[in-house]
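Heads up, the thing below is written out as structure tokens.
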Amino acid sequence: MNKKKLTLGQKEHYNQKGYVILRELFSQTECDDFVGYMMDLHAGRRKLDGFTLRQADEWGRTHNQHAYDPIAMEWLIDVRLRQPLYDCLGEDADGIQTMYFWKGSEQRRHQDQFYLPRCISAWIALQDISIENGTIYVQPSSHKNRLITRHDFEEAGDFHGLDYNDAVDLLFEENNLPEIEVEASPGDVVFFHGVLIHRGGPILNRESFRHVLANHYIPHGLTGWDLGWPRYSFDGEKH
Ligand SMILES: O=C(O)CCC(=O)C(=O)O
Numbered sequence: 001m002n003k004k005k006l007t008l009g010q011k012e013h014y015n016q017k018g019y020v021i022l023r024e025l026f027s028q029t030e031c032d033d034f035v036g037y038m039m040d041l042h043a044g045r046r047k048l049d050g051f052t053l054r055q056a057d058e059w060g061r062t063h064n065q066h067a068y069d070p071i072a073m074e075w076l077i078d079v080r081l082r083q084p085l086y087d088c089l090g091e092d093a094d095g096i097q098t099m100y101f102w103k104g105s106e107q108r109r110h111q112d113q114f115y116l117p118r119c120i121s122a123w124i125a126l127q128d129i130s131i132e133n134g135t136i137y138v139q140p141s142s143h144k145n146r147l148i149t150r151h152d153f154e155e156a157g158d159f160h161g162l163d164y165n166d167a168v169d170l171l172f173e174e175n176n177l178p179e180i181e182v183e184a185s186p187g188d189v190v191f192f193h194g195v196l197i198h199r200g201g202p203i204l205n206r207e208s209f210r211h212v213l214a215n216h217y218i219p220h221g222l223t224g225w226d227l228g229w230p231r232y233s234f235d236g237e238k239h
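At position 124 of the sequence shown the residue is numbered 124 (this note's numbering), and the sequence of numbers has no breaks.
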């Protein structure tokens, strides 16, 4: 394993705030190469079996590209991500999901563990990212409050009758904590807790790109993973 552990301060930041940013974990060249590759795929200059966009709109995003693309797989289980994930989770991680964004998502507030129980995220900036091109906004320390689950929408549930994102907005208000935007440069990685409330911010410059690979992981020892997707350990093992 790459032994570069999080410092005590970084661990404390993750535990208290629900996220930690490691700067320049990947090089500019690696980021540029990946962005170039993704632009080529999008333009059809390169062919890759299985390559599709998740949404119908022009820039959409890819979903679980690692399942058919060895390059995306390398980015999911890159050794430099292993120790930070270990330090945040307290155990080794398995990769379960990748999403490549060419542009900002403007996705409403949510908690990733609603979709992927026990997950943690490694959000990898492949270029400069700010409020201009639709960075993510996080509500620090919101991971210390509750996770909204599907049970909350059942008849006796706390958020019965509400739309999921409206429910998260309510929880966000109740938390009464400030929200901050993430500023990132190529190669920076934001590790964040799956209960942390976050969103894709508005894109102020509609022409701008915002190349990001968002990876999701679950604890290696987690049993009862029922989404039916394969999980990949950092040793490259599929299980
Ligand atoms: O990058 C974004 O805009 C959204 C990412 C996100 O919500 C996630 O990775 O869970």
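Heads up, the beta-carbon is just placed ideally off N, CA and C, and yes, glycines get one too. It should be emphasised that the depicted structure is a prediction, and the values quoted were computed from it without experimental measurement.
Fewer than three Cβ pairs drawn from the region 147–160 and the region 178–190 lie within less than 8 Å of each other, which leaves the two stretches out of contact.
By a beta-carbon distance limit of 8 Å, serine 121 contacts aspartate 112. Their separation comes to about 6 Å.
Under the DSSP assignment, tryptophan 75 falls outside any beta strand (DSSP E), being part of the alpha helix (DSSP H) whose first and last residues are 70–76.
Secondary structure note for phenylalanine 101: it is in no alpha helix (DSSP H), and the uninterrupted beta strand (DSSP E) holding it is 93–101.
Phenylalanine 192 places its beta carbon less than 9 Å from that of tyrosine 19. Taking the Cβ of arginine 118 as the reference point, every heavy atom of ligand 1 lies at 8 Å or farther away. Under the three-pair Cβ rule at 8 Å, the region 62–69 counts as touching the region 38–54. Taking C-beta separations shorter than 8 Å and ignoring five residues to either side along the sequence, the partners of lysine 103 in its chain run Trp59, Asn133, Gly134, Ile203, Ser208, Phe209 and Arg210, following chain order.
Aspartate 235 and isoleucine 77 have their C-alpha atoms some 8 Å from each other. When DSSP reads this structure, tryptophan 229 sits in no beta bridge, so it has no partner. Look at glutamate 179: its beta carbon is at least 8 Å from all of the heavy atoms in ligand 1. Ligand 1 approaches phenylalanine 101 closely enough that one of its heavy atoms is under 8 Å from the residue's Cβ. The DSSP-derived three-state label of arginine 82 is helix. Unbroken beta strand (DSSP E) stretches of 3 residues or longer found wholly inside the region 188–219: 189–193, 198–200 and 212–219, given in chain order.
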